[in-house]
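Below is one structure; the comments refer to it alone.
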């Protein structure tokens, strides 16, 4: 499903699907994989995103779903980490 224009693919999955096709579970699995690949803790990424650690943990563990604005923020994080790698 994912398509990359770079010669090498990142070692973590990045889902390039419209938001309507991407579930929050898929999104957070990709975000978690990116976070771990970069060696970031949940607290470090939460700080970078400007949210509380508890909120981020609840998103990653599937106890809460991020809002529309937060989903946009998370997708931006995925996009940036793909460009960096």
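Numbering (my numbering), first residue to last: 1445 to 1529.
From the three backbone atoms N, C-alpha and C, an ideal C-beta is built for every residue, glycine too.
On a predicted model such as this, the values are computed, not experimentally measured, just so you know.
- By the criterion of a C-beta distance shorter than 8 Å, residue 1499 is surrounded in its chain by 1490, 1508, once the five residues flanking it on both sides are discounted.
- Selection 1479, 1468, 1506 evaluated against residue 1493 yields 1479 as nearest (Cα-Cα).
- Under the DSSP assignment, residue 1478 falls in the alpha helix (DSSP H) whose first and last residues are 1468 to 1481.
- For residue 1491, the secondary structure class from DSSP, reduced to helix, strand or coil, is helix.
- Exposure of residue 1485 is indicated by the presence of fewer than 16 other C-beta atoms within 10 angstroms of its C-beta.
- Taking every protein chain shown into account, the CB of residue 1472 has 16 or more other CB atoms within 10 angstroms, so this residue is buried.
- About 20 Å separates the beta carbons of residue 1482 and residue 1516, which is beyond the 8 Å limit, so they are not a contact pair.
- For residue 1501, the CB contacts under 6 Å within the same chain, skipping 5 residues up- and downstream, are 1486 in chain order.
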